[in-house]
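Novice: Letter 541 of the sequence shown, counting from 1, is numbered 549 in my numbering, and no numbers are missing. Virtual Cβ for every residue (Gly too), placed ideally from N, Cα, C. Note that the structure is predicted; figures quoted are calculated from it, not measured.
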Amino acid sequence: MVRWLHPAQFIRASLDAIVAAVFGTRADQRLVEAMVRPQEPYFDYSTLKDGQDAFWLDYVADTGDGWNSTYCIARLLALAELTLQTPEGTGHATQRGQVLVFGGDTVYPGASRETYEERLVQPYEAALRRSPPPSPDLFVIPGNHDWYDGLAAFLRLFCARRWVAGRRTRQSRSYFALKLPRGWWLLGTDVQLNSDIDVPQVEYFRQVASRMEPTDRVILCNAEPAWIHAANTKRRRGYLENNLEYLQEKVLGKRISVFLAGDLHHYRRHENPEGQQKITAGGGGAFLHPTHAPKADVLLDGYTVRKSFPDEKTSRKIARGNLLLIRHSPLFGLITGTLYLALALAAYAEVGHLGLTGLPDVLSSVAYSMITRPWSMGLGIITLLSLGAFADAAFGRWKWVMGLSHGLGHIVAAFFCAWGGTYLTVSGLDICAERLATDPTLCAGGWPHLAGKFFLSSAFTFLFGFLVGPFVSGLYFWVSVNGFRAHSNEAFGALAVADYKNFLRLKIDTAGCLTIYPVGVERVPRQWKETHAGPAHPAYAPDDPDATEPYLIEAPIRVNLNARNWTDEGEERFNE
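Okay, here's the thing in structure tokens:
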């Protein structure tokens, strides 16, 4: 799994986000696509093949992280048939989709040719290198991580009509429309970095909508669950105020029966009284996100949460892992150790000879040092302001209070780490000097006193900062996510949990009823064995007795006539 708090990864991810935010909207690749990449008005899958009694489609989002999690889901998607049981024990036979849709963020930490190959293509080709005819088709919408290189690697891999892992890609743009059987459509949008779509994309979907019958229904796939963000901004209307909102409300309107999105790496389903669904299913391989944060039990438009995977109790329990943050992100201590050492050096004072009883004198000496050295005060202020700005907006009015508390916690910890380091150093050198005086063979050569004290106390300060700093940040993340439902991305990204993965399997029967099968895996395998089964079958099978079998997260969700808001005339036309 990607180690988000590894110093090198932390710096790279920060730079990627900054560059994307600065240049992404000013170099919109979608505008070039619209001019130079012609695409069919829609891709037609509306006719069932001979002998078919249903159309099957698979949806997975947020793939391409660790091997175990990504390959686990890729293998399940590659199996021609998969029998799944509900938690109540009812079995359901499902078939591999004729179409596979990637719902955004296909690779982590950022897009490049090498990263796609290593973290996405290789695990999916190990699961299915070549499939017998008729081969499934693959359609992909990009997420923000796909956009970090300006969409260059994404277009090269998915929009060049090539074969990827036994599946044929057909799209030439980063958005598409699929006409499915019995009046169903699936539309995949490209919301780039700002939950927005460009004007040519709006026009493309307007043309698609003009080809729909009044009774047709739409499955809308966006890379981000705007409904979750809207519930947390508390805005009643116009929560997007952009072209995507216009598409949803003015172009498609009541035709949309199902909203699908990834970006949040868990399964959470909301439903309204009319039976329309809003499903977040970002469990294709990326680290787990909590289901108890951000809070979204009731959405602004009347949808209520019906199922979460994992449940909120389990989610809160997993969050406690932040208290042992150094276990999950061991090299994060390099950052805190360096920070603590810099703070200690900036406010250095001769206090190593003072123990706990001398705390007032220590505080007085350090305060005097900070006053006489402006740069030490400046470094402390920079630390406070940086962590204050880092605090999650989900804190609301408590944002700066929590952020400054986080910064103050590190400063206090750095003070005690530096004091403890210098005290151990002085004590150790004094003992060494005493023994050297009585027995010159001990502590041979001694230490050059000043240089030895400086380097040894610095080493102790860095070591203590390496160990203590992650605990301070982990405590902050734990309190934030469980107490305030804030910092859900940072708190769970640091843990890099590979388990609780999911994908959706959709079925449209001859009566036009859509059935959604939410497939979940609680614990993905850590060990694998070769199958030697050939390129049309998975190359590896689970060899981990602790892994769990895939099952249905909840009973299949059936979207029927009641979810379509049909008129009597529309229902009569469908029956004809």
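Short of 6 Å in beta carbon distance, which residues of its chain neighbour T197, apart from the five on each side in sequence? Order them along the chain.
Specialist: To locate residue 197, count along the sequence shown from 1; it is residue 189. Counting only Cβ-Cβ distances below 6 Å, and skipping sequence neighbours, we find Y183, I205 and N230.
Novice: Whose C-beta lies closer than 7 Å to the C-beta of C80 among residues of the same chain, with five residues either side of it excluded?
Specialist: As a working mapping, residue 80 is identified with position 72 in the sequence shown. The residues are K509, V529, V532 and P533.
Novice: Output the distance between the C-alpha atoms of L90 and A519, rounded to the nearest integer angstrom.
Specialist: Counting from one through the sequence shown, the residue named residue 90 turns up at place 82. Counting from one through the sequence shown, the residue named residue 519 turns up at place 511. Between L90 and A519, the C-alpha separation is close to 23 Å.
Novice: Buried or exposed for P318, going by 16 or more other Cβ atoms inside 10 Å?
Specialist: If you number the sequence shown from 1, residue 318 lands on position 310. Buried.
Novice: Am I right that Y311 and N330 are in contact with their C-beta atoms under 8 Å? What's the rounded C-beta distance?
Specialist: Position 303 of the sequence shown, counted from the first residue, corresponds to residue 311. Position 322 of the sequence shown, counted from the first residue, corresponds to residue 330. Between N330 and Y311 the Cβ distance is about 30 Å, and since that is not below 8 Å, they are no contact.
Novice: Can you list, in chain order, the residues of its chain whose CB lies under 8 Å from that of T344, leaving out five sequence neighbours each side?
Specialist: Position 336 of the sequence shown, counted from the first residue, corresponds to residue 344. Excluding sequence neighbours, T344 sits near H418, G473, F474, V476, G477, P478, V480 and S481.
Novice: Using only the alpha-carbon positions, how far apart do V505 and Q209 sit?
Specialist: Within the sequence shown, residue 505 is the residue found at index 497, counting from 1. Within the sequence shown, residue 209 is the residue found at index 201, counting from 1. Each residue's alpha carbon lies about 36 Å from the other.
Novice: Could you tell me if S218 is buried or exposed, where buried requires 16 or more neighbouring beta carbons within 10 angstroms of its beta carbon?
Specialist: Counted from its first residue, the sequence shown places residue 218 at position 210. Label assigned to S218: exposed.
Novice: Rank V420, R178 and S488 by C-alpha distance to the C-alpha of V374 and give the top, closest one.
Specialist: Here the question's residue 374 lines up with position 366 in the sequence shown. Of V420, R178 and S488, the residue nearest in Cα terms is V420.
Novice: Starting from Y525 and walking both ways along the beta strand (DSSP E), at which residues does that stretch end?
Specialist: Within the sequence shown, numbered from 1, the residue matching residue 525 stands at position 517. Here the beta strand (DSSP E) through Y525 covers L522 to V529.
Novice: What is the DSSP secondary structure of A587, reduced to helix, strand or coil?
Specialist: Because residue 587 is not part of the residues shown, which for the chain are 9 to 584, the question remains open.
Novice: Give the straight-line distance between the Cα atoms of V489 and A399, rounded to the nearest whole angstrom.
Specialist: For the purposes of this step, residue 489 is taken as residue 481 along the sequence shown, with counting starting at 1. For the purposes of this step, residue 399 is taken as residue 391 along the sequence shown, with counting starting at 1. Going by the C-alpha atoms only, they are around 12 Å apart.
Novice: Suppose the cutoff is 8 Å on Cβ atoms and the five residues either side in sequence are ignored; what does the same chain contact list for T8 look like?
Specialist: For residue 8 there is no data in the structure shown, the boundaries of the chain being 9 and 584.
Novice: Could you tell me which residues DSSP puts in a beta bridge with G196?
Specialist: Working through the sequence shown from its first residue, we reach residue 196 at position 188. DSSP lists F184 and C229 as partners of G196.
Novice: Measure the CB-CB distance between Q285 and R277 and report whether it falls below 9 Å.
Specialist: Here residue 285 refers to the residue found at position 277 of the sequence shown. Here residue 277 refers to the residue found at position 269 of the sequence shown. Going by C-beta atoms, Q285 is nearer than 9 Å to R277.
Novice: Could you check if L136 is buried or exposed, using at least 16 other CB atoms within 10 Å of its CB as the buried criterion?
Specialist: What you label residue 136 is simply residue 128 of the sequence shown in a count that begins at 1. With 16 or more other Cβ atoms within 10 Å, it is buried.
Novice: Just mark F463 as buried or exposed, buried being the case when its beta carbon has 16 or more other beta carbons within 10 Å.
Specialist: Here the question's residue 463 lines up with position 455 in the sequence shown. Per the 10 Å Cβ criterion, exposed.
Novice: With DSSP as the reference, label R534 as helix, strand or coil.
Specialist: Here residue 534 refers to the residue found at position 526 when the sequence shown is read from its first residue. In the structure shown, R534 sits in coil (DSSP, three-state: anything other than H, G, I, E or B).
Novice: Output the boundary residues of the beta strand (DSSP E) element that contains D66.
Specialist: For this step, residue 66 is matched to residue 58 along the sequence shown. Segment A62 to V68, the beta strand (DSSP E) holding D66.
Novice: Just curious, the alpha helix (DSSP H) that T241 is in, first and last residue?
Specialist: Taking the first residue of the sequence shown as position 1, residue 241 is located at position 233. That run of the alpha helix (DSSP H) goes A234 to T241.
Novice: From Q17 to R11, what distance separates their C-alpha atoms?
Specialist: Translated into positions along the sequence shown, residue 17 becomes position 9. Translated into positions along the sequence shown, residue 11 becomes position 3. One C-alpha to the other measures close to 7 Å.
Novice: Round the Cβ separation of A301 and R493 to the nearest angstrom and send it over; I've been treating them as touching at under 8 Å.
Specialist: The residue labelled residue 301 in the question sits at position 293 within the sequence shown. The residue labelled residue 493 in the question sits at position 485 within the sequence shown. Right, the Cβ-Cβ distance comes to about 4 Å (below 8 Å), so this counts as a contact.
Novice: Going by beta carbon distance, what residues of the same chain come within less than 8 Å of I19, once the five residues before and after it are set aside?
Specialist: Numbered from 1 along the sequence shown, position 11 holds the residue referred to as residue 19. Within the same chain, I19 has no close Cβ partners at all.
Novice: Taking only three categories from DSSP, how would you classify I149?
Specialist: Residue mapping note: residue 149 aligns to position 141 of the sequence shown, counting from 1. I149: coil per DSSP, three-state reduction.
Novice: Expressed to the nearest angstrom, what Euclidean distance is found between the alpha-carbon atoms of F147 and T391?
Specialist: What you label residue 147 is simply residue 139 of the sequence shown in a count that begins at 1. What you label residue 391 is simply residue 383 of the sequence shown in a count that begins at 1. Near 45 Å, if we compare the C-alpha coordinates of T391 and F147.
Novice: If distances are taken between C-alpha atoms only, which option among P49, P142 and E232 comes closest to L186?
Specialist: For this step, residue 186 is matched to residue 178 along the sequence shown. The shortest Cα separation from L186 among P49, P142 and E232 belongs to P49.
Novice: Please state the DSSP three-state secondary structure of K286.
Specialist: Position 278 of the sequence shown, counting from 1, holds the residue named residue 286. Strand at K286.
Novice: Would the beta-carbon of P298 fall within 9 Å of that of A269?
Specialist: Here residue 298 is taken as the residue at index 290 of the sequence shown, counted from 1. Here residue 269 is taken as the residue at index 261 of the sequence shown, counted from 1. No, these two residues do not count as a Cβ contact at 9 Å.
Novice: Using 9 Å as the threshold, is the C-beta distance between R225 and W193 below it?
Specialist: Numbered from its first residue, the sequence shown carries residue 225 at position 217. Numbered from its first residue, the sequence shown carries residue 193 at position 185. The answer is yes: Cβ separation under 9 Å.
Novice: Mind checking whether G112 and G290 have CB atoms under 9 Å apart?
Specialist: Walking along the sequence shown from the start, residue 112 turns up at place 104. Walking along the sequence shown from the start, residue 290 turns up at place 282. Cβ atoms of G112 and G290: closer than 9 Å.
Novice: Could you compute how far the alpha carbon of R243 sits from the alpha carbon of W235?
Specialist: For this step, residue 243 is matched to residue 235 along the sequence shown. For this step, residue 235 is matched to residue 227 along the sequence shown. With a pLDDT of 48 at R243, under the threshold of 50, the modelled position of this residue cannot be trusted; read the value that follows with caution. The straight-line gap from Cα to Cα measures roughly 11 Å.
Novice: Starting from Y650 and walking both ways along the beta strand (DSSP E), at which residues does that stretch end?
Specialist: It is not possible to answer for residue 650, since the shown part of the chain is limited to 9 through 584.
Novice: I need the straight-line Cα distance from V199 to G74, nearest angstrom please.
Specialist: Numbered from 1 along the sequence shown, position 191 holds the residue referred to as residue 199. Numbered from 1 along the sequence shown, position 66 holds the residue referred to as residue 74. Roughly 25 Å between the two C-alpha positions.
Novice: For the candidate residues Y67, A25 and S22, whose alpha-carbon lies nearest to that of K515?
Specialist: Here residue 515 refers to the residue found at position 507 of the sequence shown. Of the candidates Y67, A25 and S22, the one whose C-alpha sits nearest the C-alpha of K515 is Y67.
Novice: If you follow the alpha helix (DSSP H) that F317 is part of, which residue opens it and which one closes it?
Specialist: For the purposes of this step, residue 317 is taken as the residue at position 309 of the sequence shown. That residue, F317, is in no alpha helix (DSSP H); its beta strand (DSSP E) goes T312 to F317.
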